[in-house]
Amino acid sequence: MKKTMFHFSTLRITVSLTITVGAGLLFAACHTDKKVDFSTEVKPVLNKHCISCHGGVKQNGGFSVLFREEALGITKSGKPAIIPGHPEKSEFIRRLTCKDPKERMPQKGEPLTNAEIDILTRWVKQGAEWGEHWAYISPKNVPVPDITITNGNEIDHFIQEKLKQEGLKPSPEADKMTLLRRVSLDLTGLPPTPEMAQQFAASTDEHAYEKIVDSLLQSPHYGERWAAMWLDLARYSDTKGYERDDSRKIWRYRDWVIDAFNSDMPYDSFTIEQLAGDLLPDPTRDQLIATAFNRNTMTNDEGGTQDEEFRTAAVMDRVSTTMDVFQGVTIACVQCHSHPYDPFRFEDYYKLMAFLNNTRDEDTHMEHPKLRLYDSVSTAEVKKVSDWVAQNGTTQQAKDIQEFLKVLEPKVHAHVADNYINGALLDTKYMGIRNNGSCRLPKQNLEGKTQLLMNYWTGSKGGSVEFRLDSLNGRTIIKHTLAPTNGRLAISMPLPPVTGTHDLYLIFRNPSLNPADAVCSVEWFAYRDDIPGKGKPGYDQINNTWLTLINQNPDDVPVMIENPPVMARVTNVFERGNWMVKGKAVTPDVPHSLNPFPAKAPRNRLGFAMWLTDTKNPLTARVMVNRLWEQIFGTGIVETIEDFGTQGFTPSHPELLDYLAYQFMHKYKWHVKPMLREIVLSAAYKQSSASTPELQEKDPANRLLARGPHFRLTAEEVRDQALTVSGLLNRQLHGPSIMPYQPDNIWQSVWSGAYWKTADDGNQYRRAVYVFQKRTSPYPSMLSFDGSSREVCLQRRIRTNTPLQALVTLNDPVYVETAASLARHMLKNGGNDATAGIRWGYQTAMYKPLPENKLKVLQTLYKQALAEYKQKPAEADKLLQHKDNTPQKAELAALTVVANAIMNLDEFLTKS
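Below you can see the structure in the form of structure tokens.
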């Protein structure tokens, strides 16, 4: 579990101290007046040298330095290892300076340096006080540094104060068109339109840039760009994952994210709706769709798997993802042991899991529960039923009927059954019982229920089912004939009055069948009350309408639904993280090392979301503004955006981070757009990205921001920019995922025959955020540019530069087609002048004139290609992907080569 992290930036100068070795001088150093800081001085030393053997995983000798009470407690020797105020009496210090290698600590690895021993000795001398890690203390309203700046906003006071301390100066502002391209890509993920570029270039308005920023923030494409970031965090995919990796219709969640960003939904609401939208009062359709955030977990359809195992795996993934995304802390390891480096105890993991372990999803093949999206005709039928219940029943009955028609919950799945006789759970999915066979549904709450729904299918006549109470010889409460069905059918069977909870035994019969055949297959059961108003005129019609609606198969989307109280799950600790070895039961709670749970919040997912978005939470706002900063500048203020814990990097500008987090919560009320606006209006953002030898030496990673951002575009932006510049981009928003060109035989879905069907209706030119995401076979070109497989939450894409990327943009038919399209525009706008066409193409791609030195290179390339294609017209046809009868075919092919070169320039693939 141990890992090495560097708690300093690349800018810090390592000072080598020569200290005379000797205990006397070492202890004399304890008398310095400088107070040792636990978080920045002591904790890094403990993490580096001690905690792997004396922490959350191991506690050798009964000694741990993870928590203060453990560090000062009695060890296996019967004495404490640390005696505050007395390093000379502390075994902890003695072992660090011991000459005997059998006693010296650490036993494995290099001994501590004299400087490190000095820090620990002075710390013990000063009372061995424990400090809180900076990230676990709520951000305060930080005063803006009182320095004079020539331009910019409050952000620049923090940036320029640090630059002054480091002896650096900010760079001049970038030229107008570079700045326009930069901010357009950052806010919308697309380069600016030609019209926008012309207007901005011609404008003399001193507020022109500010107005461009405001218009980009209002663009519908803003939501697409920021959704692309969020979908990595949400592990969004169009397939279920694991071995079968079958398709999943969850694209409406992606559209919800786009709309949430476009509408500038406050981040606290954005968080609450995704984690607990179903628990809000009278949740809307959109609030239910939002909960698909945690239905993006993988489900395993492979025959022979155990649903409870993978349901548990999904819940554990939700715990890790929630803490990753909203808290920026690593907690997955805590499922097996207390955190090795951060103040999260073993039990904390399962208390968090208890919040998320009470939902209706159970890794079923059909992915229940799903929000049913009725068409207009069926919606009118739903209203008829709802109106009837409202007139003839109570408010609660009306709510119950509406919820059941929305999601068909609560219901009992076939995998709950056990005690099979002459039957089995077919393919570990459906109940299948042969003639005179039986099974049991254990502990079914029948209190007050008057009908039982059963979803089954069979092609055989003569079948029947009996339901008996508590044993195979118990009282028969239902006996029902099973008619042949045309597909799956939910039927209603009357239940006699039964009180309490009982085991239900099911006996299936059909003597006409082959002995090896099942009487029928059953997917689920539901216990319901009669619709109120029974006996009144029109009741039978309403009841039939209700059952007809249940049997419809409208479009749907997987969502989260909480268990009713009678189906509530108990959450147990898993011994050593093994889900099959359950320890003591726990109740929902949050780590005590963070903010307290809100006093009036319910102990469920909604309360958990309220805790995360409480302004006292030390991490939520910090993590989000740091993520926004990383998207804009390429590196977060905390570089390890995935780890704000003690093993993560320290902030490059800690006061700025807290200032932004506080403003985000209190000034901007959790709205993302004004937060981004403040960032991109800063002078730091508008700087030229040009570097100098001095900056390369002092700040090679640009952590101090003495120059503007300069880094390669994301996988999505690489595709979207090529489509935009070529004029091919389809700007349509929303809808099912699309399949642009992909080489044949990438998918090999043997069991289902699923295949990639390339779109040819214009959808192949839509933005990358809409491209079909298959977990076991991600879209190849985006994977080459560091895209995610979406099997788990990905917080940060580590940018790489590999030859595969050049092969994609030079040869992938998608990029060849965009080059050909740009070439057609170059040919048209250049007339018979190839040089003019080349100038136009570069200007269109880069929003600035083509320098003469680059023009000469591109002219040479054009001439060579033109000569080649005049001699080999078939090669021109091959390049252009179809036979073009234009008399200028060779010229078009040559310009395509030039356009392809332009679109492969570093400056084109980089935000500068």
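Numbering follows this note's numbering, with no gaps: position 854 of the sequence shown is 854. Beta carbons are placed, not taken as given, at the ideal position from N, Cα and C, and that holds for glycine.
Considering only DSSP beta bridges, list what Asp418 is partnered with.
According to DSSP, which records beta bridges pairwise, Asp418 is partnered with Arg440.
For Ser253 versus Asp301, is the C-beta spacing smaller than 9 Å?
According to the sequence displayed, residue 253 carries Tyr and not Ser. Taking 9 Å as the Cβ cut-off, Tyr253 and Asp301 do not qualify as a contacting pair.
Counting pairs of beta carbons, one from the segment 730-739 and one from the segment 250-269, are three or more of them closer than 8 Å?
They touch, by the three-pair rule.
How should Gly636 be labelled, buried or exposed, when 16 other C-beta atoms within 10 angstroms of its C-beta is the threshold for buried?
Under this definition Gly636 is a buried residue.
In angstroms, rounded to a whole number, what distance separates the CA positions of Gly152 and Lys673?
Spanning the two alpha carbons is a distance of roughly 18 Å.
Would you grab the beta carbon distance between Leu713 and Leu905 for me? Rounded to a whole angstrom, and I think it's under 8 Å.
About 12 Å separates the two Cβ atoms, so there is no contact after all.
Report the three-state DSSP secondary structure of Trp579 (helix, strand or coil).
Reduced to three states, the DSSP call for Trp579 is coil.
Can you look up Gln107 in the DSSP assignment and give me helix, strand or coil?
Looking at Gln107 - three-state DSSP - the assignment turns out to be coil, as it is neither helix nor strand.
Determine the direct distance from the alpha carbon of Ser688 to that of Glu173, and round the result to whole angstroms.
Cα to Cα, the separation comes out at about 5 Å.
From which residue to which residue does the beta strand (DSSP E) around Lys479 run?
Unbroken beta strand (DSSP E) run through Lys479: 476-482.
Buried or exposed for Gly223, going by 16 or more other Cβ atoms inside 10 Å?
Looking at its Cβ environment, which holds 16 or more other Cβ atoms inside 10 Å, Gly223 is buried.
Helix, strand or coil for Thr910? Go by DSSP, reduced to three states.
Of the three classes helix, strand and coil, the one that applies to Thr910 here is strand, per DSSP.
Note down, in chain order, each residue of its chain lying with its Cβ closer than 6 Å to the Cβ of Thr450, except the 5 sequence neighbours on either side.
Here the set comprises Leu495, Asp529, Asp530.
Between Met739 and Lys774, what straight-line distance do the alpha-carbon atoms span, to the nearest angstrom?
Cα-Cα distance, rounded: 11 Å.
Express the C-alpha separation of Ser789 and Thr776 in angstroms, rounding to a whole number.
If you take the alpha carbons of Thr776 and Ser789, they lie about 7 Å apart.
Here's the rule I'm using: 16 or more other beta-carbon atoms within 10 Å means buried, otherwise exposed. How should Glu273 be labelled?
Buried, because 16 or more other Cβ atoms sit within 10 Å of the Cβ of Glu273.
Residues in the same chain with beta-carbon distance under 7 Å from Glu210, minus the five sequence neighbours each way, listed in chain order, please.
Closer than 7 Å at the Cβ level, and outside the excluded window around Glu210, lie Leu681.
How far does the beta strand (DSSP E) with Gly463 in it extend, from its first residue to its last?
Per DSSP, Gly463 belongs to the beta strand (DSSP E) from 463-469.
Nearest to Tyr662 by CA position, among Asn617, Tyr505, Ile289, Lys102, is which residue?
It is Asn617.
Taking the straight line between their C-alpha atoms, what separation do you get for Ile902 and Asp720?
Ile902 and Asp720: Cα-Cα distance of roughly 16 Å.
How would you label Thr571, buried or exposed, when you count the other beta carbons within 10 angstroms and need 16 or more for buried?
By the neighbour-count rule (16 or more Cβ atoms within 10 Å), Thr571 is buried.
Under 9 Å between the Cβ atoms of Pro532 and Thr395?
Cβ distance not < 9 Å, so Pro532 and Thr395 don't count as in contact.
For the alpha helix (DSSP H) containing Lys698, list its first residue and its last residue.
Unbroken alpha helix (DSSP H) run through Lys698: 693-698.
What residues are listed by DSSP as bridge partners for Asp555?
Paired residue(s): Leu373.
If you draw a straight line from the alpha carbon of Asn967 to that of Leu179, how long is it in whole angstroms?
Since the first and last residues shown for the chain are 1 and 912, residue 967 lies out of range.
What's the call for Thr896, buried or exposed, on a 16-neighbour Cβ count within 10 Å?
With 16 or more other Cβ atoms within 10 Å, it is buried.
Excluding five sequence neighbours on each side, which residues of the same chain lie with their C-beta closer than 6 Å to the C-beta of Thr501?
Once the five neighbours on either side are set aside, the close Cβ partners of Thr501 are Lys443, Asn445.
Between the C-alpha atoms of Glu309 and Thr613, what's the straight-line distance to the nearest angstrom?
Distance between the alpha carbons of Glu309 and Thr613 is about 31 Å.
What residues are listed by DSSP as bridge partners for Thr501?
Partner(s): Asn445.
Could you tell me the alpha carbon to alpha carbon distance between Phe711 and Tyr456, rounded to whole angstroms?
Rounded to whole angstroms, Phe711 to Tyr456 spans 57 Å at the Cα level.
Suppose you measure from the CA of Asp156 to the CA of Pro588; what does that come to, to the nearest Å?
The straight-line gap from Cα to Cα measures roughly 43 Å.
Under 9 Å, do Met353 and Val315 count as touching if we go by C-beta distance?
Taking 9 Å as the Cβ cut-off, Met353 and Val315 qualify as a contacting pair.
By the three-class DSSP mapping on this structure, what secondary structure does Leu880 have?
Correct three-state label for Leu880: helix.
Is it buried or exposed for Arg434, if we count other Cβ within 10 angstroms and need 16 for buried?
The residue is buried, with at least 16 neighbouring Cβ atoms inside 10 Å.
State the start and end residues of the unbroken alpha helix (DSSP H) segment that holds Thr121.
That run of the alpha helix (DSSP H) goes 114-125.
Candidates Ala893, Pro887, Gln871, Gln888: which alpha carbon is nearest Gln881's?
Answer by Cα proximity: Ala893.
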